[in-house]
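Counting in full-length UniProt numbering, the sequence shown runs from 1 upward without gaps.
Heads up, the beta-carbon is just placed ideally off N, CA and C, and yes, glycines get one too.
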Amino acid sequence: MKVLLTGSAGFIGTAIAAQLEEAGDEVVKVDLMLEMAHGEAVPPADTQLLDVRRAGEWTDLLQGVDVVCHQAALVGAGVRVADLPDYAGHNDYGTAALLAAMHEAGVSRLVQASSMVVYGEGRYACPDHGDQTPPPRERAALDGGDFDNHCPSCGRTLTWELVDESARLDPRSTYAASKVAQEHYAYAWVRQADAAAISLRYHNVYGPGMPRDTPYSGVAAMFRSSLERGEAPQVYEDGGQMRDFVHVADVARANVASIRAIAQEGGGHYAAYNVASGHPVGIKEVAEKVAAGTGRAIAPEVTGGYRLGDVRHIVASPERARRELGFSAEILPEQGLAEFATAPLRA
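The following block contains the structure:
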């Protein structure tokens, strides 16, 4: 099979390419290598430095391609309001340009990276009043140290539940809005082009090759970078935020399974899948597990600070991916986060 892989020099793209090549697939590697993600890293010799926003110029590159695996995107929550045009340009316009170019070249199968951030807040329930959909948390409550969501009927703290793929999309950050748009473009393209696509909603991805300390990298990498400097990891809110952390090798496996699946699907097929370990963990516990992997007793510092675009709890169910793609994570946070403490990062 011939796969065109965008974002191929990123740590997720690198893992996907390695697994495809090991299986004997031909991989066409494309990346822009933005400084915010790649720093001064030298591009791999087999990577073509191209901008996905100019995919209309990729006629020759797309010839003979069976599936496009689209990983190229700006990630992170978005540090400043001024970041909005960059997210819209690279993530949304870039995806639209790629889909149009694929159609012109006769390529009709896509696997694309999405994110659990499309859900906004997770799923919640009140012991007395059942399922609840909380509004965005108020700044005044956050300033006062009240980080939980509360039942609008009785005021009790809501408990978190697993989110499945049928949940409504409710983006709360620049990045989240761009990922929702990418999914919508893919779905529209499937219908208009008689094509087939899968969107993979990653939970917090970590593992070897992550970018070093940057606001655009994941929280696990930021904890790791603090520990390398001999500093305590800074944990926002009270550290009780529940998340799922999935290892990059498992994310690559989910992509390979999706590539195999979409290649066999007929036109008009679209599906979204959560990609998660299935083993939720609190943010403070993540910092503790990474710290334990260093062999040094550096306790995380719970700051009580917050980011307005963050949500309290978001933990997705991996059941649909297990059932329909045959994918289940193999590296669980208990093992993977401790090993991540000494895994190589991108400079």
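From the options, residue whose alpha carbon lies closest to that of residue i
i, options, result
"Ala129", "Asp31, Val107, Arg123, Ser153", "Rather than Ala, the amino acid found at residue 129 in this sequence is His. Nearest of Asp31, Val107, Arg123, Ser153 to His129, Cα basis: Ser153."
"Glu237", "Gly120, Phe340, Asp148", "Asp148"
"Thr159", "Val315, Pro344, Gly336", "Val315"
"Leu300", "Glu231, Val75, Gln112", "The sequence shown places Pro at residue 300, rather than the Leu named in the question. When only C-alpha atoms are compared, the closest one is Glu231."
"Leu169", "Asp131, Asp310, Val118", "Val118"
"Gly122", "Ala167, Ala343, Leu308", "Ala167"
"Pro44", "Asp143, Gln241, Ala17", "Ala17"
"Tyr185", "Ala88, Glu319, Ala329, Asn274", "Ala88"
"Glu334", "Val75, Met222, Gly282, Asp131", "Gly282"
"Asp60", "Ala15, Ala23, Glu22, Met102", "Met102"
"Gly309", "Pro135, Tyr187, Arg172", "Arg172"
"Arg53", "Asn91, Glu183, Glu22", "Asn91"
"Val161", "Ala343, His279, Ala113", "Sequence inspection shows Glu at residue 161; the Val mentioned does not correspond to that position. Ranking the options by Cα distance to Glu161, first place goes to His279."
"Gly7", "Asp143, Met222, Leu200, Leu49", "Leu49"
"Pro318", "Arg312, Gly326, Gly56", "Gly326"
"Glu324", "Gln192, Glu265, Gln182", "Glu265"
"Asp143", "Ala15, Arg307, Arg201, Tyr124", "Arg307"
"Ser108", "Thr14, Gly267, Leu200", "Gly267"
"Arg229", "Asp131, Arg296, Arg80", "Arg296"
"Gly120", "Val190, Leu5, Arg201", "Arg201"
Residues of its chain near residue i, where Cβ-Cβ distance is below 7 Å and the 5 sequence neighbours each way are ignored
i, result
"Gly145", "Gly304"
"Asp46", "Lys29"
"Val205", "Ile12, Gly218, Val246, Val248, Val251"
"Gln63", "Ala105"
"Ile298", "Leu227, Ala232, Ala291"
"Ala343", "Gly207, Pro208"
"Gln182", "Asn91, Asp92, Thr95, Gln112, Ser114"
"Ile331", "His247, Ala249, Asp250"
Beta-carbon contacts of residue i that lie in its chain and below 6 Å, excluding the five residues immediately before and after
i, result
"Ile203", "It should be pointed out that residue 203 corresponds to His in this sequence rather than to Ile. If we look at His203 and ignore the five residues flanking it on each side, its Cβ neighbours are Met116, Asp244, Val246, Ala276."
"His269", "Ala196"
"Leu32", "Asp51"
"Ile198", "Val111, Ser258, Ile262, Ala271"
"Arg320", "Glu165, Tyr273"
"Ser328", "Arg322"
"Gln234", "Glu301, Thr303"
"Gly293", "Ala338, Ala341"
"Tyr187", "Tyr270"
"Met1", "Asp25, Asp66"
"Trp58", "Ala101"
"Val163", "Tyr119, Gly122, Arg123, Ala316"
Cβ shell of residue i (< 8 Å), same chain only, five flanking positions each side left out
i, result
"Val3", "Leu20, Asp25, Glu26, Val27, Val28, Val65, Asp66, Val67, Val68, Cys69, Ile259"
"residue 348", "Since the first and last residues shown for the chain are 1 and 347, residue 348 lies out of range."
"Ala220", "Asn204, Tyr206, Met210, Phe245, Val286, Val290, Leu337, Phe340"
"Glu288", "Ala299, Pro300"
Contact belief for residue i with residue j at Cβ below 8 Å, rounded distance in angstroms
i, j, result
"Arg346", "Gln241", "Between Gln241 and Arg346 the Cβ distance is about 26 Å, and since that is not below 8 Å, they are no contact."
"Tyr124", "Pro135", "Their Cβ separation, rounded to whole angstroms, is 11 Å, which puts Tyr124 and Pro135 out of contact at 8 Å."
"Gly56", "Ala100", "7 Å"
Below-8 Å beta-carbon distance, residue i vs any chain C residue
i, result
"Tyr270", "Of the protein chains in the structure, only one exists, and it is not chain C."
Exercise. Is the region 126-139 close to the region 90-98, with three or more CB pairs under 8 Å?
Worked result: no
Problem set entry | Whole beta strand (DSSP E) elements within the region 15-67, 3-residue minimum | 26-31, 47-49
Exercise. Do the region 249-263 and the region 67-78 meet, that is, are 3 or more Cβ pairs less than 8 Å apart?
Worked result: yes
Exercise. How do the region 167-179 and the region 79-90 stand: do at least 3 beta-carbon pairs fall below 8 Å, yes or no?
Worked result: yes
For this session: Tell me the start and end of each unbroken beta strand (DSSP E) in the UniProt domain "NAD-dependent epimerase/dehydratase" (165-275) that is at least 3 residues and wholly inside, in chain order.
Result: 196-202, 204-206, 245-247, 269-275
Problem set entry | Uninterrupted alpha helix (DSSP H) stretches inside the region 288-313 (no shorter than 4 residues) | none
For this session: Ignoring anything shorter than 4 residues or poking outside the region 313-339, list the alpha helix (DSSP H) runs there in chain order.
Result: 319-325
Problem set entry | Segments of 3+ residues assigned as beta strand (DSSP E) that fall wholly inside the region 76-155 | 109-115, 123-126, 130-132
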